[in-house]
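First the structure, in the form of structure tokens, and then the observations on it.
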Amino acid sequence: MASAPDRGVVTSWFLDTLNTTYLAGDIEAPAGAGWQEEMNDVGAKFVPYLTIFPQPSQRATGSLGDPSMDWMLPYSMNIYGVNRRQVEDLADDVRADLLQIKKVPLTMRDGVVWKMTTMECRTIGGVGYTTAVTPTAFSQTDSYTMTLSRSLA
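If you're matching positions, the sequence shown starts at 3 in the working numbering and goes up one per residue.
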């Protein structure tokens, strides 16, 4: 029986997990993130944050009887801060926490349980200055891949 995990369920779990410790947004900046005043005002404060972006997924090498038993779900993560150090410190903290996560059961909309077996950091991005957010900030893009298995759930 061919099947695939519900991407929305997995992405919501990922955001909820990140938001227990960090300020994380679903593609867009979360409320309360970034500059809290005009960036050039005296005493202006920047609240660092991250956003996640689901990327195209594919089946992993699964069982011969049902190759759709294992899926790899990649995500890009943009980390924003007021300077290079703040960006890299946040990215390092997030990475250390995410790489500790293993064997988490996730119940899909149809009631089928998949297990997130591994979380892997695939790339650690360079730091750059971005004008893609207003006001501007420093950013880094890392990528993570979760492996989900229906056979191990």
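Glycine residues also receive a C-beta, built at the ideal position from the N, C-alpha and C atoms.
Practice task
Alpha carbon to alpha carbon, how far is PRO58 from ASP112? Give it in angstroms, no decimals.
Solution key: As a position in the sequence shown, residue 112 is number 110, starting the count at 1. As a position in the sequence shown, residue 58 is number 56, starting the count at 1. Approximately 22 Å, taken between the alpha carbons.
Practice task
Could you tell me how far apart the beta carbons of VAL11 and LEU75 are, in whole angstroms, since I believe they sit closer than 8 Å?
Solution key: Here residue 11 refers to the residue found at position 9 when the sequence shown is read from its first residue. Here residue 75 refers to the residue found at position 73 when the sequence shown is read from its first residue. Wrong, their Cβ atoms sit about 11 Å apart, outside the cutoff.
Problem - Limits of the unbroken alpha helix (DSSP H) element including VAL89 - result: Translated into the one-based positions of the sequence shown, residue 89 becomes position 87. Taken as a continuous stretch (DSSP letters only), the alpha helix (DSSP H) holding VAL89 covers 86-100.
Problem - 8 Å CB neighbourhood of PRO7 in its chain, flanking five on each side removed - result: Residue 7 sits at position 5 when you count from the first residue of the sequence shown. Cβ neighbours of PRO7 beyond the five flanking positions: TRP73, LEU75, LEU108, MET110, TRP116, LEU150 and ARG152.
Practice task
For the beta strand (DSSP E) containing THR22, list its first residue and its last residue.
Solution key: Locating residue 22 in the sequence shown gives position 20, counting from the first residue. Neither: THR22 is in no beta strand (DSSP E) and is coded neither H nor E.
Practice task
May I ask you to report which of helix, strand or coil DSSP gives MET71?
Solution key: Within the sequence shown, the letter at position 69 stands for residue 71. Helix.
Handout entry: Paired residues, beta bridge with TRP15 - DSSP
Key = The residue labelled residue 15 in the question sits at position 13 within the sequence shown. In the DSSP output, where bridge partners are listed per residue, TRP15 has none listed.
Problem - Reference THR120; option with closest CA among GLY130, SER5, LYS104 and GLY128 - result: Along the sequence shown, one-based indexing puts residue 120 at 118. The candidate whose alpha carbon is nearest that of THR120 is LYS104.
Problem - C-alpha distance - VAL44 paired with ALA35, whole-angstrom precision - result: Reading the sequence shown from its first residue, position 42 is the one you call residue 44. Reading the sequence shown from its first residue, position 33 is the one you call residue 35. Their Cα atoms are separated by approximately 18 Å.
Practice task
Would you grab the beta carbon distance between ASP142 and ILE81 for me? Rounded to a whole angstrom, and I think it's under 8 Å.
Solution key: Sequence index remark: in the sequence shown, residue 142 carries index 140 (1-based). Sequence index remark: in the sequence shown, residue 81 carries index 79 (1-based). The amino acid occupying residue 142 in the given sequence is Gln; Asp does not appear at that position. Indeed they touch by this definition, with Cβ atoms about 5 Å apart.
Practice task
Report all residues from its chain with a CB closer than 8 Å to the CB of ASN42; omit the five preceding and five following residues, and keep chain order.
Solution key: If you number the sequence shown from 1, residue 42 lands on position 40. Closer than 8 Å at the Cβ level, and outside the excluded window around ASN42, lies no residue.
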